[in-house]
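Q: Following this message is one structure expressed as structure tokens.
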Amino acid sequence: MNFMASKQPENSLLGPESDSQRTLYPYVTGTSVVALKYKDGILMAADMGGSYGSTLRYKNVERMKAIGKHSLLGASGEISDFQEILRYLDELILYDNMWDDGNSLGPKEVHNYLTRVMYNRRNKFNPLWNSLVLGGIKNGQKYLGTVSMIGVNFEDNHVATGFGNHLARPILRQEWHENLSFEDGVRLLEKCMRVLLYRDRSAINKLQIAKITEEGMTISQPYSLKTYWEFSAFENPTQGAVGSW
Amino acid sequence: MFRNQYDTDVTTWSPAGRLFQVEYAMEAVKQGSAAIGLRSKTHIVLGCVNKANSELSSHQKKIFKVDDHIGVAIAGLTADGRVLSRYMRNECINYSFTYESPLPVGRLVVQLADKAQVCTQRSWKRPYGVGLLVAGLDESGAHLYYNCPSGNYFEYQAFAIGSRSQAAKTYLERKFENFTDASRDDLVKDALMAIRETLQGETLKSSVCTIAVVGVGEPFHILDQGTVQQMIDAFEIVGEQEGPDAAAGQEASAEPEQGAGAGEGVAPMDI
Chain V
1 MNFMASKQPE
11 NSLLGPESDS
21 QRTLYPYVTG
31 TSVVALKYKD
41 GILMAADMGG
51 SYGSTLRYKN
61 VERMKAIGKH
71 SLLGASGEIS
81 DFQEILRYLD
91 ELILYDNMWD
101 DGNSLGPKEV
111 HNYLTRVMYN
121 RRNKFNPLWN
131 SLVLGGIKNG
141 QKYLGTVSMI
151 GVNFEDNHVA
161 TGFGNHLARP
171 ILRQEWHENL
181 SFEDGVRLLE
191 KCMRVLLYRD
201 RSAINKLQIA
211 KITEEGMTIS
221 QPYSLKTYWE
231 FSAFENPTQG
241 AVGSW
Chain Y
1 MFRNQYDTDV
11 TTWSPAGRLF
21 QVEYAMEAVK
31 QGSAAIGLRS
41 KTHIVLGCVN
51 KANSELSSHQ
61 KKIFKVDDHI
71 GVAIAGLTAD
81 GRVLSRYMRN
91 ECINYSFTYE
101 SPLPVGRLVV
111 QLADKAQVCT
121 QRSWKRPYGV
131 GLLVAGLDES
141 GAHLYYNCPS
151 GNYFEYQAFA
161 IGSRSQAAKT
171 YLERKFENFT
181 DASRDDLVKD
191 ALMAIRETLQ
201 GETLKSSVCT
211 IAVVGVGEPF
221 HILDQGTVQQ
231 MIDAFEIVGE
241 QEGPDAAAGQ
251 EASAEPEQGA
261 GAGEGVAPMD
271 I
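These protein sequences, in sequence, are chains V and Y. Counting in full-length UniProt numbering, the first sequence runs from 1 upward without gaps. Counting in full-length UniProt numbering, the second sequence runs from 1 upward without gaps.
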């Protein structure tokens, strides 16, 4: 019997009700994002799938968005948390524009802001379940960085999230070089996305490639990669197998 | 300004539409010792007159570094100035931490002005009694702003505040057109000459003034006394040379303009 129950406001994070408010696991997720710096700016690729566990539930999810004039954000992980992040950034850019002076937030500033947000949420045990890729160019300076759901952040010439780190980064380490042309950059990204398509079970064959340059951001129409399944190893795959593989 | 029945509260308007408490706060700025600022496209120089109360005491600090790219010189109630400098430092460091980028001086100045405005509209507060010359760098280059107790702010090419600042302003008005493209050292020289104007005859030496510089590629720092004294000595020698030469020129060509020029070169050294 609780005669002197202490009153807490409805939205408090203390007490038994609080656990249902925190993110414990993701529900609708996006898979890898891959990005690289090229001659004129940044190129980023992501497929349009939103998985619900092992079901490929949504096939028209745009996982890359422009932020302000100078930045491009790609996300993998929980789609609803990505949408929440877009709301935070929308407000940030709005206030930045409202100053109406000659200054604007560039990709470095947005990346660091996101790092603070992600890390602070992680400290409260209520993370935004995303791995983010932030790229952009301002005053000729190219910038490409990533932040994870626990707040780990760094910059590099090419970055990827999730499976992209294991399958795409090795390709990029071999083949990326300074001042790639647009065509070479796209070809390189497509090579990475094709490997991911073959090997990542949450990948779908419908992707977009986004580019951000000093002029602005453009995003391609969704398209598919050509795949080849006639490898002789795929015919009668169990022939030489020992065990259940 | 004379005392009247509308000047007790900052929240009382006069029938003429004036807030006397705010105007009195601006008077406090005029009573403080002089501070001047001037800028070129890439550098800003701040200077102030530092007179100690007595031979036994040290002088008050009137120039504060706010961040690597922003500094401020104050005139008026130095205690209020210190508090506002702490606010500015806080804002800069918080912005740097969140965005890893320096806070644009234009935004800091607006935040400062809005803070000052609050004190002009609360019955339990009083306006800050200090004027601030804020020097800082931005994406668009070098800027110099003046923030006053009323909550207004203005951008300047060059400005002077505090007691006997009119003399410095007159000097700056004559020279400001050259400032945009001036070199860093010429800018410091002009600052020292403007400070000299406010001293009204007293000798300019590095113990009575403080100079600080900020520019593209040069973080905000206060010049040390030795450097300042060297610069004073350098242009005072030039001033002496100009005097006798101009006088010789006057005898040779007997032109009244040159005579006036000789007078300008020689007179400050005479006193």
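For glycine and all other residues, C-beta sits at the position ideal for the given N, C-alpha and C.
Quick check on residue 248 of chain V: buried or exposed, where buried means 16 or more other Cβ atoms within 10 Å of its Cβ?
A: Limits of chain V in this structure are 1 at one end and 245 at the other, which puts residue 248 of chain V out of reach.
Q: Using DSSP with H/G/I as helix, E/B as strand and the rest coil, what is Y/E139?
A: DSSP places Y/E139 in coil when its eight states are reduced to three.
Q: Within a Cβ cutoff of 7 Å, which residues of the same chain sit near Y/M231, ignoring the five residues on either side of it in sequence?
A: Answer for Y/M231: V188, K189, L192, listed in chain order.
Q: According to DSSP, simplified to helix, strand and coil, what is V/C192?
A: Helix at V/C192.
Q: Starting from the beta carbon of V/Y52, find every residue of chain Y whose beta carbon is closer than 9 Å, and list them in chain order.
A: Near V/Y52 there are no residues of chain Y at all, since even the closest Cβ is about 35 Å away, more than 9 Å.
Q: What does V/G102 reach in chain Y if we use C-beta pairs closer than 9 Å?
A: Within 9 Å Cβ-Cβ: P104, G106, D138, E139, S140.
Q: Report yes or no: is there a C-beta of chain Y within less than 8 Å of the C-beta of V/K226?
A: Chain Y, which has no Cβ nearer than 8 Å to the Cβ of V/K226, makes this no.
Q: Just the C-alpha distance for Y/K30 and Y/G76, rounded to the nearest angstrom, thanks.
A: Distance between the alpha carbons of Y/K30 and Y/G76 is about 7 Å.
Q: Is DSSP giving V/F234 helix, strand or coil here?
A: Reduced to three states, the DSSP call for V/F234 is helix.
Q: Where do the N-terminal and C-terminal ends of the beta strand (DSSP E) with V/V34 fall, by residue?
A: Start and end: 33 to 38.
Q: Report buried or exposed for V/I171, applying the criterion of at least 16 other Cβ atoms within 10 angstroms of its Cβ.
A: V/I171 should be labelled buried.
Q: Can you find a heavy atom of the ligand ATP that lies under 7 Å from the Cβ of V/G240?
A: By its list of ligands, the structure shown contains no ligand whatsoever, and the ligand ATP lies outside what it can speak to.
Q: Looking at chain V, is there any beta carbon in it that lies within less than 8 Å of the beta carbon of Y/T98?
A: Output row for Y/T98: interface = yes.
Q: Since Y/Y145 sits in a beta bridge, which residues does DSSP pair it with?
A: Bridge partners of Y/Y145: Y/V134, Y/E155.
Q: Here's the rule I'm using: 16 or more other beta-carbon atoms within 10 Å means buried, otherwise exposed. How should Y/G81 be labelled?
A: It counts as buried.
Q: Which residues of chain V have a Cβ atom closer than 9 Å to the Cβ of Y/S101, listed in chain order?
A: Those are L105, G106, K108, E109, N112, listed as they occur along chain V.
Q: My output table needs one value for Y/C92: the three-state DSSP class, helix, strand or coil.
A: If DSSP states are grouped into helix, strand and coil, Y/C92 belongs with the helices.
Q: Shortest alpha-carbon distance to Y/C92 belongs to which of Y/V110, Y/V66, Y/D114, Y/L84?
A: It is Y/V66.
Q: Just reading off the beta strand (DSSP E) that V/A66 is part of, what are its end residues?
A: Taken as a continuous stretch (DSSP letters only), the beta strand (DSSP E) holding V/A66 covers 64 to 67.
Q: Nearest CA to the CA of V/G102: which residue from Y/A142, Y/I70, Y/A73?
A: It is Y/A142.
Q: Would Y/A73 and Y/I63 be called neighbours here (beta carbons separated by less than 8 Å)?
A: Yes, the Cβ-Cβ distance between Y/A73 and Y/I63 is below 8 Å.
Q: In its own chain, which residues sit with a C-beta less than 8 Å from the C-beta of V/S181, not counting the 5 before and 5 after it?
A: Y38, K39.
Q: Rounded C-beta distance between V/K108 and V/Y143? I'm assuming under 8 Å.
A: 5 Å between Cβ atoms; contact.
Q: Tell me which residue opens and which closes the alpha helix (DSSP H) that Y/Y24 is part of.
A: First-last of the alpha helix (DSSP H) with Y/Y24: 20 to 31.
Q: Scan the segment 47 to 118 of chain V and note each continuous alpha helix (DSSP H) run of 4 residues or more that stays entirely inside, going in chain order.
A: As far as the segment 47 to 118 of chain V is concerned, its whole alpha helix (DSSP H) runs of at least 4 residues are 79 to 98.
Q: In terms of residues, what are the limits of the beta strand (DSSP E) holding Y/L38?
A: It spans 35 to 39 - the beta strand (DSSP E) in which Y/L38 sits, taken as one unbroken run.
Q: Report buried or exposed for Y/W124, applying the criterion of at least 16 other Cβ atoms within 10 angstroms of its Cβ.
A: Its Cβ having fewer than 16 others within 10 Å, Y/W124 is exposed.
Q: In its own chain, which residues sit with a C-beta less than 6 Å from the C-beta of residue 276 of chain Y, not counting the 5 before and 5 after it?
A: Since the first residue shown for chain Y is 1 and the last is 271, residue 276 of chain Y is missing from the structure and cannot be characterised.
Q: With DSSP as the reference, label Y/E218 as helix, strand or coil.
A: Correct three-state label for Y/E218: strand.
Q: Classify Y/A73 as helix, strand or coil using the three-state DSSP reduction.
A: Here Y/A73 sits in strand by DSSP.
Q: If the criterion is Cβ atoms closer than 8 Å, does the pair V/L128 and V/E84 meet it?
A: Contact: yes.
Q: So, using beta-carbon positions, are residue 293 of chain V and V/L24 closer together than 8 Å?
A: This structure gives no information on residue 293 of chain V, because the portion of chain V shown stretches from 1 to 245.
Q: By the criterion of Cβ-Cβ separation under 7 Å, what are the contact partners of V/R116 in chain Y?
A: By Cβ distance, chain Y contributes T98.
Q: Between the alpha carbons of V/I79 and V/S131, how many angstroms are there, rounded?
A: Distance between the alpha carbons of V/I79 and V/S131 is about 11 Å.
Q: Using only CA atoms, which one of V/G140, V/K226, V/G135, V/A168 lies nearest to V/A75?
A: When only C-alpha atoms are compared, the closest one is V/G135.
Q: Between V/V195 and V/L167, how many whole angstroms is the CB-CB distance? I'm expecting something under 8 Å.
A: Rounded, the Cβ-Cβ distance is 5 Å, consistent with contact.
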